[in-house]
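Here our numbering runs 7 ahead of the position in the sequence shown, where the first position is 1. Just so it is clear, CB atoms sit at the ideal spot from N, CA and C, and this is done for glycine as well.
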Amino acid sequence: MKENDLTLPKDDDQSQTVAPSEYAAYFLYGFGQCFSFGVVGSFILIFYTDIVGISSVIASAIFMIARLWDAVFDPVVSGWIDKHKTTTGKFRKYMRIAPIFVAVSTVTCFISPDISMGGKIMYAGVTYILWGTLYAFSDIPFWSLSTVISKNGQARTNLLTTANLGVFGGIGMVGLILPMMLTYFKQHGSPASSYMISVAILMVVGFVLMEIGYKFTKERVVSPKAEKLTTKDIVDSVKANKYMLRILLLFFLKIFMEMVNSIIIYFFTYNLLNANLMSVFGLIGTFSALGFFLIPLLTKRFKKLHILRVLLITDVIVRVAFFATGYRHVVPVFIFLAITQTLYSATGPIISAMLAETVEYSEVKTGKRCEAIVFGGQTFASKVAIAAAGALTGLLLSGVGYQANTTQSSTTLTGLFVIISILPALGSLLRLWVLAKYDYTEDEFHDCMKIIEERRVKAEADESSQA
Numbered sequence: 008m009k010e011n012d013l014t015l016p017k018d019d020d021q022s023q024t025v026a027p028s029e030y031a032a033y034f035l036y037g038f039g040q041c042f043s044f045g046v047v048g049s050f051i052l053i054f055y056t057d058i059v060g061i062s063s064v065i066a067s068a069i070f071m072i073a074r075l076w077d078a079v080f081d082p083v084v085s086g087w088i089d090k091h092k093t094t095t096g097k098f099r100k101y102m103r104i105a106p107i108f109v110a111v112s113t114v115t116c117f118i119s120p121d122i123s124m125g126g127k128i129m130y131a132g133v134t135y136i137l138w139g140t141l142y143a144f145s146d147i148p149f150w151s152l153s154t155v156i157s158k159n160g161q162a163r164t165n166l167l168t169t170a171n172l173g174v175f176g177g178i179g180m181v182g183l184i185l186p187m188m189l190t191y192f193k194q195h196g197s198p199a200s201s202y203m204i205s206v207a208i209l210m211v212v213g214f215v216l217m218e219i220g221y222k223f224t225k226e227r228v229v230s231p232k233a234e235k236l237t238t239k240d241i242v243d244s245v246k247a248n249k250y251m252l253r254i255l256l257l258f259f260l261k262i263f264m265e266m267v268n269s270i271i272i273y274f275f276t277y278n279l280l281n282a283n284l285m286s287v288f289g290l291i292g293t294f295s296a297l298g299f300f301l302i303p304l305l306t307k308r309f310k311k312l313h314i315l316r317v318l319l320i321t322d323v324i325v326r327v328a329f330f331a332t333g334y335r336h337v338v339p340v341f342i343f344l345a346i347t348q349t350l351y352s353a354t355g356p357i358i359s360a361m362l363a364e365t366v367e368y369s370e371v372k373t374g375k376r377c378e379a380i381v382f383g384g385q386t387f388a389s390k391v392a393i394a395a396a397g398a399l400t401g402l403l404l405s406g407v408g409y410q411a412n413t414t415q416s417s418t419t420l421t422g423l424f425v426i427i428s429i430l431p432a433l434g435s436l437l438r439l440w441v442l443a444k445y446d447y448t449e450d451e452f453h454d455c456m457k458i459i460e461e462r463r464v465k466a467e468a469d470e471s472s473q474a
């Protein structure tokens, strides 16, 4: 489909009002939900190795087994959501009950039972897999909701920017607050109990925020005739949506930054000799998300694809400079961490908005609207990335000679710094490679909207003539 094939529709023709309170609610759901994602993503590996006593290799195996399960289960969740729509909405009904399960399953991951090592490994595996399973029932509807709050392209970009602001803010807040909570509660109990209490408090707050987010959002975009989808429809939709598959690969390539998130607490503990610096990094993560407010302004003037390419090229250049500078001085380290975190964070809302626009591409190709499949793919790709990062990080820790709770060798320290500084540049280069032949932009999205609207008008005319 080429830019000149159709007259592009005006955004005003497709607009549906989204109140500021609804943007705030959508933010709060993502913010609260990512207390869970941030805790598990950044702290579960060190909890397993340094608190429970599980080796990094065994922890890696747990992560990979969990993602094999997700490979089967997440598409089932997505298909179920797409097939079952009720009068209470397609996505919000799940967001009403999912928060309690997300909160409880997150806490159970950070309990260290007083049993044999074999029992601890089994408990860790079961609770981690359960967390990922229940998280899907929250995350898939959350992201899919953006496509039914409004069908206006710029409004969706704003919504997904808001969602990503909540996501990165929530993850950053966990990195800021949890280390301080662990230090406080460790003074009044064991390291294991400090984790359990701290995570439980965070998840109570996260639960409340998610419930507020559910209450004040709405679904406005509905498919004509409340279409019924078969499994074949869903499979056909995935096959036809080549742009979705490429965007999902971009999500998976966040594996390199997830490796940083998994290992950076080791870097602060052993390279910089101060684990409390994790709180500073969390603060950086929180404030880096403030740059999201510029995204809607940029996307009004430039295409998202072009903005993304510039961000990725800049990230590579900055990371090479970071590696060349070294980590002898703390201030330059945090300057580079702030810049790279801001660049990485800015890619989130842009990639999410690009993914959302592929829903209409799939609808044009197949005649079916499968929002949950699209964003279920995002959830799955993100979980695979975080699990693979945990697995690879565990193997890397073993490979560079990491030994828990002891002074590390110079080889280990150098390996930790390489992962923190230069390795994510490879992820940016691979993302640029994926985007090399990507040609679905705002122009093609508007073409798809035009076709869908013409089909709707024709279908209504046909029904009227038959009445």
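Exposed or buried, Trp-440, counting other C-beta atoms within 10 Å across all chains shown (16 or more means buried)? Position 433 of the sequence shown, counted from the start, is the residue given in the question as residue 440. It is exposed - the Cβ of Trp-440 has fewer than 16 other Cβ atoms within 10 Å.
Measure the alpha-carbon distance for Met-124 versus Ile-271 and round it to whole angstroms. Position 117 of the sequence shown, counting from 1, holds the residue named residue 124. Position 264 of the sequence shown, counting from 1, holds the residue named residue 271. Each residue's alpha carbon lies about 26 Å from the other.
Helix, strand or coil: which one does DSSP assign to Lys-97? Looking up residue 97 in the sequence shown gives position 90. Three-state result, Lys-97: coil.
Rounded C-beta distance between Thr-349 and Gly-298? I'm assuming under 8 Å. Start at 1 with the first residue of the sequence shown, and residue 349 comes out as number 342. Start at 1 with the first residue of the sequence shown, and residue 298 comes out as number 291. Confirmed, Cβ separation roughly 5 Å.
Report back the beta-carbon spacing between Thr-386 and Ala-143 to the nearest angstrom; my notes put them in contact at under 8 Å. Position 379 of the sequence shown, counted from the start, is the residue given in the question as residue 386. Position 136 of the sequence shown, counted from the start, is the residue given in the question as residue 143. So it is a contact: roughly 6 Å between Cβ atoms.
Quick one: what's got a C-beta closer than 6 Å to Val-59's C-beta in the same chain, skipping five residues either side? Taking the sequence shown and counting its residues from 1, the one referred to as residue 59 is at position 52. Counting only Cβ-Cβ distances below 6 Å, and skipping sequence neighbours, we find Ser-119 and Lys-127.
Nearest-angstrom Cα distance between Lys-311 and Ser-49? Taking the sequence shown and counting its residues from 1, the one referred to as residue 311 is at position 304. Taking the sequence shown and counting its residues from 1, the one referred to as residue 49 is at position 42. Whole-angstrom Cα-Cα distance: 29 Å.
Only counting the same chain, and skipping five residues up and downstream in sequence, which positions put a Cβ closer than 6 Å to that of Ala-162? Translated into the one-based positions of the sequence shown, residue 162 becomes position 155. Once the five neighbours on either side are set aside, the close Cβ partners of Ala-162 are Val-25.
With 16 other Cβ atoms within 10 Å as the buried cut-off, status of Glu-370: To locate residue 370, count along the sequence shown from 1; it is residue 363. By the 10 Å Cβ count, Glu-370 comes out buried.
Please state whether DSSP places Ile-342 in a helix, a strand or coil. Mapped onto the sequence shown, residue 342 falls at position 335. Note: Ile-342 maps to helix in three-state DSSP.
Along the alpha helix (DSSP H) that carries Leu-423, what are the first and last residues, could you check? For the purposes of this step, residue 423 is taken as the residue at position 416 of the sequence shown. Run containing Leu-423: 417-428, per the alpha helix (DSSP H) assignment.
Measuring CB to CB, does Tyr-273 end up less than 8 Å from Ile-459? Sequence index remark: in the sequence shown, residue 273 carries index 266 (1-based). Sequence index remark: in the sequence shown, residue 459 carries index 452 (1-based). It is not a contact, given that the beta carbons lie outside the stated cut-off.
For Gly-355, count the other beta carbons within 10 Å of its own beta carbon; 16 or more makes it buried, fewer makes it exposed. Which is it? By 1-based counting over the sequence shown, the position of residue 355 is 348. Looking at its Cβ environment, which holds 16 or more other Cβ atoms inside 10 Å, Gly-355 is buried.
On the three-state DSSP scale, how would you describe Gly-125? In the sequence shown, counting from the first residue as 1, residue 125 sits at position 118. Here Gly-125 sits in helix by DSSP.
I'd like to check one pair, Gly-220 with Tyr-33: are the Cβ atoms closer than 8 Å? Reading the sequence shown from its first residue, position 26 is the one you call residue 33. Reading the sequence shown from its first residue, position 213 is the one you call residue 220. For Tyr-33 and Gly-220, yes; Cβs fall inside 8 Å.
Between Ala-31, Gln-473 and Asn-159, which has its C-alpha nearest Glu-218's C-alpha? Locating residue 218 in the sequence shown gives position 211, where the first residue counts as 1. For Glu-218, the nearest C-alpha among the options comes from Ala-31.
Near Cys-455, which residues of its chain fall below 6 Å by C-beta distance, leaving aside the five closest residues on each side in sequence? In the sequence shown, counting from the first residue as 1, residue 455 sits at position 448. Glu-367, Tyr-368 and Val-371, listed in sequence order.
Helix or strand or just coil, what does DSSP make of Thr-413? Translated into positions along the sequence shown, residue 413 becomes position 406. Looking at Thr-413 - three-state DSSP - the assignment turns out to be coil, as it is neither helix nor strand.
In or out: His-453 buried (at least 16 other Cβ within 10 Å) or exposed? Within the sequence shown, the letter at position 446 stands for residue 453. With 16 or more Cβ atoms within 10 Å of its Cβ, His-453 is classed as buried.
For Ile-104, three-class secondary structure by DSSP: Mapped onto the sequence shown, residue 104 falls at position 97. Of the three classes helix, strand and coil, the one that applies to Ile-104 here is helix, per DSSP.
Go through its chain and collect everything with a Cβ distance to Asn-281's Cβ below 8 Å, but skip five positions before and after it. Along the sequence shown, one-based indexing puts residue 281 at 274. If we look at Asn-281 and ignore the five residues flanking it on each side, its Cβ neighbours are Phe-275.
Can you find the residues in the same chain that come closer than 6 Å, C-beta to C-beta, to Phe-415, ignoring five residues on each side of it along the sequence? The residue labelled residue 415 in the question sits at position 408 within the sequence shown. The displayed chain sequence assigns Gln, not Phe, to residue 415. Closer than 6 Å at Cβ, skipping near neighbours: Tyr-277.
Own chain, CB closer than 6 Å to Tyr-409, minus 5 neighbours either side, in chain order: Sequence index remark: in the sequence shown, residue 409 carries index 402 (1-based). Result list for Tyr-409: Thr-419, in chain order.
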